[in-house]
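J.: Counting from 127, one number per residue, gives the positions in the sequence shown under our numbering.
C-beta atoms are modelled at their ideal positions from N, C-alpha and C, and glycine is treated no differently.
In this text, all values refer to a predicted model and were calculated from it rather than measured experimentally.
Below you will find the structure I want to go over with you.
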Amino acid sequence: MDEGYYIDNGLEYYCSDECLHKHYTEEEYEEMYDDSNGYSYWTEWNVQIQSYRKYTR
Ligand SMILES: [Zn+2]
């Protein structure tokens with residue numbers, strides 16, 4: 127697992143579309159994503175690996 131959805135700048139994390147949509151609808155996500163102006167987005171870890179570990183349970 128090296129990619130996933132960051133919600134609210136890392137407050138929540140979901141590993142796949144399926145996972146995300148257990149918590150948010152497509153519309154809700156689009157609203158949070160806000161054409162990439164929001165704090166929720168799909169990402170690959172690389173430089174964010176430490177934040178990823180921090181927020182994973
Ligand atoms: Zn998951």
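Are the beta-carbon atoms belonging to S166 and D134 less than 8 Å from one another?
T.: Yes. Within cutoff.
J.: If you draw a straight line from the C-alpha of Y139 to the C-alpha of Y132, how long is it?
T.: About 5 Å.
J.: Quick one: measure Cβ to Cβ for E129 and E170, integer angstroms, because I've assumed they're closer than 8 Å.
T.: About 4 Å separates the two Cβ atoms, so the contact holds.
J.: Exposed or buried, L146, counting other C-beta atoms within 10 Å across all chains shown (16 or more means buried)?
T.: With 16 or more other Cβ atoms within 10 Å, it is buried.
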